[in-house]
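Data first, discussion second: the structure below is written as structure tokens.
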Amino acid sequence: MFNSLAEVLARLQRAERVLVIGHIKPDGDDISSVASLVLILRKMGKIAEGCIADDIPWFYKEIPGVSLIKSVSELRNYRYDTAVTVDASELARIGDAVKLLSGAKPDVTIDHHKTNTRFGEINFCDSDYAAAALAIYEIGRETVDYDPDLAEVNLLGIATDTGFFKYGNTDAKVFTYAAELVKQGADIQRIASAVLEHTTLNEIKLVVEMFNTLSLAMDGKLAWAHVSTEMLTRNNCTEQDTEGLVGQIRSIHGVEVAILFIEWPHNHVHISFRSKSYADVSEIALKFGGGGHARAAGCSCKDVELPTMIDKVIAAAKEYLAVAHLEE
Ligand code: 5GP
Ligand code: MN
């Protein structure tokens, strides 16, 4: 069973020095949840720091508050009495930040992934929440006054995890909270511009190469492509520049499941799954040690060969889709 947000809040109110940890390969919701919770805790009069083990993609740094997030090494000597993870479904998702926990469980976990493993002492997780940032807002609005900077960074996660208010998870609560945050000074245009309009020429070249690898199967319901280490280096790109590519595959008419294989570094393959309306791709990701949501999931496999992984995962996806399609 999960704990309530009221229990999380009661635990946070008892804290004096807090460490907030996000997940590796940070996305907008993760970055938003870490930065917002740190700002809320500081407004509550506590000492708080935020940590994400992987580098934060540069374009998020235009949003206020994002730059307060520190690396694992910067926080090596930080003393805290309460550790909180946000937007992470399992302990492995926090990557090297696990070193800061010194073998202990996080005191609090706040999440919204279907595949959450309840790895903390107090765990809040509700997959009906479109974004972890919605839960952070529910904590914040109870405890502090919002200023425009906090409102904007809190809105970032709600905007990105709903695909800017267009995915199936975009319910009335999303619009209500977003409206409240805009009233409190958040600038949605600045968020949209930072997140959606930062494509570089190198990334465009990479997209062209990626689409050259596109395959379709199952009457066009399954689509997949890959980006190899070689393709990334040739175009002066890194894994960070692949964000959003799987969404472009899903956008093809008739595609239900889109899969992107990203090899980075060599023989280390991250697989991104997206579905459009009925397939639960977290079930496919779970088979390969990953997890996530019904419409967006992922997994990472080390010491594997890209073509072998493609064969294995596509076979599993076909098997899944054959049944899912019948049940649809
Ligand atoms: P992405 O495809 O953008 O990397 O990830 C999509 C979703 O799947 C995100 O919500 C992310 O949290 C989840 N996810 C991605 N990779 C992994 C993984 O290796 N393990 C788990 N449990 N979830 C993952
Ligand atoms: Mn999220």
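Going by this note's numbering, the residue at position 267 of the sequence shown is 355; the numbering climbs one at a time, nothing skipped. The beta-carbon is built from N, C-alpha and C at its ideal position, and this holds for glycine as well.
Q) Within 7 Å: the Cβ of A403 and any heavy atom of the ligand 5GP? A) no
Q) Quick one, which of L127, A180 and H201 has its alpha-carbon nearest G153's? A) When only C-alpha atoms are compared, the closest one is L127.
Q. Rounded to whole angstroms, how far is the Cβ of G116 from the Cβ of G245, which I believe are closer than 8 Å?
A. 6 Å
Q. Rounded to a whole number of angstroms, what is the C-alpha to C-alpha distance between L129 and A410?
A. One C-alpha to the other measures close to 48 Å.
Q: Please name the residue or residues paired with F361 in a DSSP beta bridge.
A: Its beta-bridge partners are I347 and A385.
Q. Got a sec? Which residues, its chain only, sit under 7 Å from G183 by beta carbon, not counting five neighbours each side?
A. I112, A141 and D142
Q) How about C387 and I359: are their beta carbons less than 8 Å apart? A) yes
Q: Note down the Cα distance separating A123 from L414, rounded to an integer number of angstroms.
A: 43 Å
Q. Comparing alpha-carbon positions, which option in I109, P236, R206 and Y265 lies nearest T250?
A. Distances from the alpha-carbon of T250 to those of I109, P236, R206 and Y265 put Y265 closest.
(Q) Just list the residues that DSSP pairs G138 with in beta bridges. (A) V108
Q.
Tell me the residue span of the beta strand (DSSP E) that contains V126.
A. Taken as a continuous stretch (DSSP letters only), V126 belongs to no beta strand (DSSP E), being part of the alpha helix (DSSP H) at G116 to K131.
Q) For L310, which three-state DSSP category applies? A) Collapsing the DSSP output to three states places L310 in a strand.
Q) Is DSSP giving T71 helix, strand or coil here? A) One cannot answer for residue 71 here, as it falls past the ends of the chain, which runs 89 to 416.
Q: Under 6 Å Cβ to Cβ from F147, same chain only, skipping five residues before and after it: list those, please.
A: A282 and H286
Q. Nearest to L394 by alpha carbon, out of R164, A313 and G379?
A. A313
Q | the region 272-282 in contact with the region 222-238 per 3-pair CB rule at 8 Å | A | yes
Q: Report the rounded CA-to-CA distance for N323 versus D329, giving the unit in angstroms.
A: Inter-residue distance for N323 and D329 is about 10 Å (C-alpha atoms, whole angstroms).
Q | Distance, Y255 Cα to T248 Cα | A | 10 Å
Q | Exposure label - R102; buried when at least 16 CB within 10 Å | A | exposed
**Q.** Contact test: G378 Cβ vs the ligand 5GP heavy atom, cutoff 7 Å
**A.** At least one heavy atom of the ligand 5GP falls within 7 Å of the beta-carbon of G378.
(Q) Can you determine whether any heavy atom of the ligand 5GP sits closer than 7 Å to the C-beta of N314, and answer yes or no? (A) Here residue 314 turns out to be His, not Asn, going by the sequence shown. Checking every heavy atom of the ligand 5GP against the Cβ of H314, none is found closer than 7 Å.
Q: State buried or exposed for V296, treating a residue as buried only when at least 16 other CB atoms are found within 10 Å of its CB.
A: exposed
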